[in-house]
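Residue numbers (our numbering): 5 to 135.
We treat Cβ as the ideally placed atom computed from N, Cα and C, and that holds for glycine.
The structure presented is a predicted model; accordingly, all values stated were derived computationally and were not measured.
Taking it in order: structure first as structure tokens, then the write-up.
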Ligand SMILES: [Zn+2]
């Protein structure tokens with residue numbers, strides 16, 4: 005885990021011990037503090053490899069989804085890969101403002117999944133019906 009994130013966690017932990025905080029409150033506080041500490045450290049974002057989209061929505065493209073942590077593109081952003089950044093898919097979504105249920109896959113796969121689900125439903129109906 006990055007140092008600035010660790011520092012932020014410590015600050016929030018201290019806060020949480022003196023007053024009741026919801027998980028959302030804690031998460032957004034960690035994010036705010038981590039960003040603050042990160043900014044104090046200068047332009048570290050520019051040193052990282054790959055062009056990272058500033059807009060998480062633009063990171064999801066037709067044939068790929070970009071990891072906003074390292075800028076690499078994938079068809080599916082796997083739990084395993086996010087693990088290399090010490091993030092769970094939930095944390096990743098929270099960090100970059102994706103909806104909680106958002107699928108971390110490229111657009112064409114999202115469509116395929118939806119179609120498959122539809123097909124499955126049709127299939128269920130068909131098999132449920134008597135010949
Ligand atoms: Zn990555």
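- Secondary structure at residue 12: helix, using DSSP grouped into helix, strand and coil.
- Annotated three-state conformation of residue 77 is strand, per DSSP.
- Contact check for residue 61 and residue 110: beta-carbon distance about 13 Å, past the 8 Å limit, so the pair fails to qualify.
- Of the other Cβ atoms in all chains shown, 16 or more fall within 10 Å of the Cβ of residue 63; this residue is therefore buried.
- Here the alpha carbon of residue 73 sits roughly 12 Å from the alpha carbon of residue 92.
- Looking at the backbone, the Cα of residue 128 and that of residue 120 are separated by about 12 Å.
- The beta carbon of residue 31 is closer than 6 Å to those of 98 in its chain, skipping five residues each way along the sequence.
- The closest CA to that of residue 87, considering only 126, 19, 71 and 22, is found on 71.
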